[in-house]
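Novice: The structure is given below, and queries will be raised subsequently.
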Amino acid sequence: MIKDESLVDRWSDISWPKAVNWVLKLQTRIYHASKRGDRKQVHNLQKLLLHSQLVACVAVWRVTQRNSGKNSAGVDGVARLTPEQKLALAHSLDLEPQAQPTRRIWIPKANSDEKRPLGIPAMRDRAIQTLALMALEPEWEAKFEPNSFGFRPGRCQHDGLCLIQSAIALCPRYVLDADITKCFDRINHQELLRKLDTFPTIRRLIRAWLQAGFLDDGKLLPTEMGTPQGGIISPMLMNVTLHGLETAIISAFPASKTVGGRRLIWRPIVVRFADDFVVLHRDREVILQCRDIANHWLHGIGLELSEKKTRIVHTLNREDGKCGFTFLGLKIWQRRTGKYGTPKMLNQVLTLIEPSPDSLKRHYKEIAEVISACDALSQEALIGKLNPKIRGWTNYFRRWNSRRAFSKLDRLLFLRLWRWAKRRHTNKGTDWRYRKYWPKGSPRRFRSSSGPTLTKYSDAPIEHHVKIQSDRSPYDGDWAYWASRRGYHPSVSKSQAILLRRQNGRCAECGLAFGPDERPDDTLAIRFLDGNTGNRRYANQALLHRQCAEKRRSHSEPIGEEPDEVKVSCPVLKTSGACEGSTEFNEIT
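Taking my numbering, the leading residue of the sequence shown gets 1, the next gets one more, and so forth.
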């Protein structure tokens, strides 16, 4: 175990891949203790984590260097820290229940004239919240319901959409499309603290954050309910508050029921992402009962369903003139194939998940505003502003039936760029403009003669998402599964993680999966396919069990190893810059 006394006095001397890997091992122990119901061991390990100087350094590192909102200042006005200030903050973190008010800002709400309130904590409070989150998250990851996908490590929107797709693929269903009214703003503090059921140190910290108040336009206002959106620990607290909703709905119905002489699965399917959830079932009466059960359960914690946004629809047949529903920016609906086509496809039901009309309108409006604001900029500058937005949008939607939406956006974008070119050159002809901004090539693209090329929406390949296994968590210790799924893991190097992803977590020689009980350092070996150890391309490398590598060695086939890192006295320190240079790292959460 790493001793805190072994840390040096310089921020730059800490190897973050090694430090985070050590913290992850401690979180894995918390996860397994919570899984087996050992509450005393969970609290002991959480106290060990909270009082560790190394974990405090990792918490400050995540807040000041990894967090997307690292440059947003709270009421303390602190947005950026020098390395010396970061180290001083890590050493001075304490667990006293004192919190500064959050700074209230308002951001526009999608599809509404209303604005969403955000509360930005002070830098010190953010670091302590991250510290508490690292202690509480592994415990609750072992408890959370399997179909909760919002704000959880290792899970995303696509996992919930995959579950919906598989649920309606063989049987069209009624859907309760529900939304909780102002969930973050109305959370009951006493009910939340009761559900957390943690030891006094963390309970006092969380109570202090919840009751710290907020500063809005120079006025200090109290917070009697709710948790501020924008706080690092707020999403997990919201998930804790809503924990049990899925179980309450499912447990109210029998597992199966005989209908018309057939034995059918009768429990509804609940999919929740943050404060939005859907309930699916083949019977409308069951959906109505689920709505009443959800309303009754939510009233017990001070919440309620939104009457405007909650509705009942059917995925295939029209209900009140509408078919299907919108969830997480995608329209989910079904249609029949009709009487034409191959015999197997006659009168079949197709499930379609495609970008919703609102998503298309919002994105196109954003693209149009960028183009309109760039009349005075060069073509290279315009392409530099458009490409990140196009790639980001397509990376989210390319996992579903988005080909028609991509083609439509390519056409609209061309027309918008053509108007941009006409405004810049009013005295030039059509052929001249087209040759200047769409020079000849294969294919013909919007690009400058020597600069970047505009990315097309239709360039993004449609790659369907593979749903996460229900009982999986990044804290379960299965490094092979997570490295092959995500392409990175603190326990292995970047190159090993990429090879695991390419090989689906299996040995290239024997075909067996790498197990979580195996240590990566003792298990993994690399084989160079062409025998040239200098050829480090991934296409020339294969990951093997070390035992399989030994068998290959007897046939005189070259086996390569990952270069050993420099041995140092402390596992989290760098010497000569070798540790961090040999291992790339992406944060696990």
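Note that beta-carbon positions come from the ideal geometry of N, C-alpha and C, so glycine has one too.
Let's see if you can read the secondary structure: which residues bound the beta strand (DSSP E) around Lys-115?
Specialist: 115-120
Novice: Give me the residue from Lys-115, Glu-307, Ala-33 with the minimum Cα distance to Gly-477.
Specialist: Ala-33
Novice: According to the neighbour-count rule (16 or more other Cβ atoms, all chains shown, within 10 Å of its Cβ), is Ser-148 buried or exposed?
Specialist: buried
Novice: Output needed for Arg-311: all residues of its chain with C-beta closer than 6 Å, excluding positions within five of it in sequence on either side, in chain order.
Specialist: Asp-177
Novice: Would the beta-carbon of Cys-162 fall within 8 Å of that of Lys-467?
Specialist: yes
Novice: If you follow the beta strand (DSSP E) that Gln-211 is in, where does it begin and where does it stop?
Specialist: Counting along the chain, Gln-211 falls outside any beta strand (DSSP E), and DSSP gives it neither H nor E.
Novice: Taking the beta carbon of Thr-426 as the centre, do at least 16 other beta carbons fall within 10 Å, making it buried, or is it exposed?
Specialist: It is exposed - the Cβ of Thr-426 has fewer than 16 other Cβ atoms within 10 Å.
Novice: For the beta strand (DSSP E) holding Ser-470, just list the boundary residues, first then last.
Specialist: Bounds of any beta strand (DSSP E) do not take in Ser-470, whose DSSP letter is neither H nor E.
Novice: In the DSSP output, which residue or residues are listed as bridge partners for Arg-272?
Specialist: Ser-148, Phe-277
Novice: Taking Pro-355 as the reference, which of Phe-406, Ile-367, Ser-234, Arg-318 has the closest Cα?
Specialist: Phe-406
Novice: What's the call for Cys-183, buried or exposed, on a 16-neighbour Cβ count within 10 Å?
Specialist: buried
Novice: Is Ser-52 buried or exposed, if buried means 16 or more other CB atoms sit within 10 Å of its CB?
Specialist: buried
Novice: Cα separation between Lys-567 and Ser-554?
Specialist: In this predicted model, Lys-567 has a pLDDT of only 37, less than 50, meaning its place in the structure is not dependable; the value taken from the coordinates is given anyway. Counting only the Cα atoms, Ser-554 lies some 30 Å from Lys-567.
Novice: Considering Cα atoms alone, identify which of Leu-280, Arg-262, Arg-263 is closest to Ile-269.
Specialist: Taking only the C-alpha atoms, the option nearest Ile-269 is Leu-280.
Novice: Taking Pro-83 as the reference, which of Pro-117, Trp-11, Lys-18, Lys-35 has the closest Cα?
Specialist: Trp-11
Novice: Are the stretch 454-469 and the stretch 499-507 touching by the rule of at least three beta carbon pairs closer than 8 Å?
Specialist: Because the criterion of three Cβ pairs below 8 Å is not met, the stretch 454-469 and the stretch 499-507 do not touch.
Novice: Of the residues Ile-383, Glu-114, Trp-266, Ser-378, which one's Cα is nearest the Cα of Arg-424?
Specialist: Ser-378
Novice: For Gln-541, name the three-state secondary structure that DSSP assigns.
Specialist: strand
Novice: Answer with buried or exposed for Ser-576, where buried requires no fewer than 16 other C-beta atoms within 10 angstroms of its C-beta.
Specialist: The predicted model places Ser-576 with a pLDDT of 40, which falls under 50 and marks its position as unreliable, so this point remains unresolved.
Novice: Pull the bridge partners of Asp-375 from the DSSP assignment, please.
Specialist: Answer by DSSP bridge pairing: none, since Asp-375 is not bridged.
Novice: With distance defined between alpha-carbon atoms, name the residue in Gly-429, Ala-368, Asn-44, Leu-264 nearest to Cys-171.
Specialist: Leu-264
Novice: Mapping the DSSP letters down to three states, classify Tyr-488 as helix, strand or coil.
Specialist: coil
Novice: Which of the three DSSP states is assigned to Lys-322 in this structure?
Specialist: strand
Novice: Should Thr-453 go down as buried or exposed, given a rule of 16 or more other Cβ atoms within 10 Å for buried?
Specialist: exposed
Novice: Where do the N-terminal and C-terminal ends of the beta strand (DSSP E) with Gln-98 fall, by residue?
Specialist: Careful: Gln-98 lies outside any beta strand (DSSP E) and carries neither H nor E.
Novice: Does DSSP classify Phe-184 as helix, strand or coil?
Specialist: coil
Novice: Going by DSSP, what residue range makes up the beta strand (DSSP E) through His-314?
Specialist: His-314 -> beta strand (DSSP E) spans 311-314.
Novice: Less than 8 Å between CB atoms is the rule here; does Asp-459 satisfy it with respect to chain D?
Specialist: The structure shown has no chain D; it contains just one protein chain.
Novice: Answer yes if the stretch 366-381 comes into contact with the stretch 187-204, meaning at least three C-beta pairs across the two stretches below 8 Å, and no otherwise.
Specialist: no
Novice: Express the C-alpha separation of Gly-69 and Pro-153 in angstroms, rounding to a whole number.
Specialist: Distance between the alpha carbons of Pro-153 and Gly-69 is about 18 Å.
Novice: When you compare the stretch 229-246 with the stretch 134-149, are there three or more beta-carbon pairs, one atom per stretch, that lie closer than 8 Å?
Specialist: yes
Novice: Please report the Cβ distance between Gly-231 and Gly-74, rounded to the nearest whole angstrom; I am assuming they are in contact, meaning their Cβ atoms lie under 8 Å.
Specialist: Between Gly-74 and Gly-231 the Cβ distance is about 10 Å, and since that is not below 8 Å, they are no contact.
Novice: Kindly indicate which residue of Asp-76, Asp-13, Val-42 has the alpha-carbon position closest to the one of Leu-614.
Specialist: Since the displayed the chain opens at 1 and closes at 589, residue 614 lies outside it and no answer follows.
Novice: When the Cα atoms are used, what is the spatial distance from Asp-38 to Trp-393?
Specialist: 44 Å
Novice: Please state whether the Cβ-Cβ distance between Leu-316 and Cys-323 is less than 8 Å.
Specialist: It is a contact, given that the beta carbons lie within the stated cut-off.
Novice: With a Cβ-Cβ cutoff of 8 Å, do Arg-29 and Leu-45 count as a contact?
Specialist: Yes, the Cβ-Cβ distance between Arg-29 and Leu-45 is below 8 Å.
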